[in-house]
Amino acid sequence: MNRTEKQIILILLIFFLTSNLAISQKDNKAANYPKIKSYFSIVHPIATFTQDENHFNFNGSYNVGFPVGINFLQSGKIAYSIEFVPTISVNDSTSSVTGLLFHPGVIYRNIGGFNFLTRLAFNTNGRYGFTAVVNKPIIKKGKVTYFAAIPIPFRFGNGLPASVNFGFQLGIIF
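All residue numbers for the sequence shown refer to the working numbering, where the first residue is 1130 and numbers rise by one.
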């Protein structure tokens, strides 16, 4: 075998050994993104604090919200979310929808097994603000995840004093 034949064989050998690297896709978890997930949940405000007074749910009335939304997962660490929350207030004699909240935000995912959400808040009742949420997936079964969360809304506007609220939320992501 002359020198030229050896060089051709060496080039072909290198080509065949590296061609798999050049044309194959790596097994990369990032290739699974973006993803879209939807969810439904129920939120119970526990207590609302203002400079004038403190109000606890079940004290004269009961309030409940039904958050529904879409999460746009960008990676294992970040997602964007759009949420709508109709809220119902019930007292001794009546019940009514007290507002519809538009709640867009960012989800910081998988921080020590928790998710941290920051949301803007625009309510049809005239209140606005932001909400911080700590969320924990509690059961994962196939494509369904059940979660618990603690939302902490800060609200302003509509001639009312600024308020902070603490709530409890349970939901399902599918």
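Don't be surprised by glycine CBs; every beta carbon is placed ideally from N, CA and C.
What separation, rounded to the nearest whole angstrom, lies between the Cα atoms of residue 1266 and residue 1221? On the sequence shown, position 137 is the one that residue 1266 refers to. On the sequence shown, position 92 is the one that residue 1221 refers to. Roughly 35 angstroms between the two C-alpha positions.
Please classify residue 1167 as buried or exposed, where buried requires at least 16 neighbouring CB atoms within 10 angstroms. Within the sequence shown, the letter at position 38 stands for residue 1167. Its Cβ having fewer than 16 others within 10 Å, residue 1167 is exposed.
With three or more beta-carbon pairs closer than 8 angstroms as the criterion, would you say the stretch 1208–1228 touches the stretch 1173–1191? yes
Quick one: grab the DSSP three-state call for residue 1298. For the purposes of this step, residue 1298 is taken as the residue at position 169 of the sequence shown. Residue state, collapsed to three classes: strand.
Just how far apart, CA to CA, sit residue 1242 and residue 1290? As a first step, residue 1242 must be located in the sequence shown, where it is residue number 113. As a first step, residue 1290 must be located in the sequence shown, where it is residue number 161. C-alpha separation (whole angstroms): 35 angstroms.
Quick one: measure Cβ to Cβ for residue 1198 and residue 1210, integer angstroms, because I've assumed they're closer than 8 angstroms. By one-based count along the sequence shown, residue 1198 stands at place 69. By one-based count along the sequence shown, residue 1210 stands at place 81. About 6 angstroms separates the two Cβ atoms, so the contact holds.
In three-state terms, what does DSSP make of residue 1182? Within the sequence shown, numbered from 1, the residue matching residue 1182 stands at position 53. Coil at residue 1182, not helix or strand.
How many Å lie between residue 1232 and residue 1143 at the Cα? Along the sequence shown, one-based indexing puts residue 1232 at 103. Along the sequence shown, one-based indexing puts residue 1143 at 14. Distance between the alpha carbons of residue 1232 and residue 1143 is about 56 angstroms.
Could you name the residues of the same chain whose beta carbon sits closer than 6 angstroms to that of residue 1194, not counting the 5 residues immediately before and after it, in chain order? As a first step, residue 1194 must be located in the sequence shown, where it is residue number 65. Hits under 6 angstroms: 1172, 1214 and 1216.
Closer than 6 angstroms by C-beta to residue 1256: which residues in its own chain qualify, once you throw out the five before and the five after it? Chain order, please. On the sequence shown, residue 1256 is found 127 positions in, with the first residue counted as 1. Taken in chain order, the residues that qualify are 1284, 1286 and 1287.
Cut-off 8 angstroms between Cβ atoms - residues of its own chain near residue 1245, not counting five sequence neighbours on either side: Locating residue 1245 in the sequence shown gives position 116, counting from the first residue. Result list for residue 1245: 1236, 1237, 1261, 1262, 1263 and 1264, in chain order.
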